[in-house]
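This report refers to the structure that appears directly beneath it.
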Amino acid sequence: MSSFKFVAIFVAVSVIWYVFIVVFFIKGLSGLNDARESFLDAATTQSKLITRLPKNRLNQYLDDIDRLSN
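Just so we're aligned, residue 24 is where the sequence shown starts under this note's numbering, counting upward by one.
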């Protein structure tokens, strides 16, 4: 009977660890996907803004980005 308890406890702990690891792995992938979507949205917005700017303002816009990043 003692070995049955040991096996039952081992299986229970294994299942708990499996669920714990799988849940956090899926949440991590979901977070990476959200970050990727956010980055793509920002890049798309920036691309749309750049294409809407007249040529003379585009250089000023790029200079402003350069100045603010330093």
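Yeah, the Cβ is synthetic: ideal placement off N, Cα and C, and Gly gets one too.
In this structure, the straight-line span from the alpha carbon of ILE73 to that of PHE47 is close to 39 Å. In the structure shown, the three-state DSSP call for ASN93 is coil. Taking the Cα positions, VAL34 is about 28 Å away from SER53.
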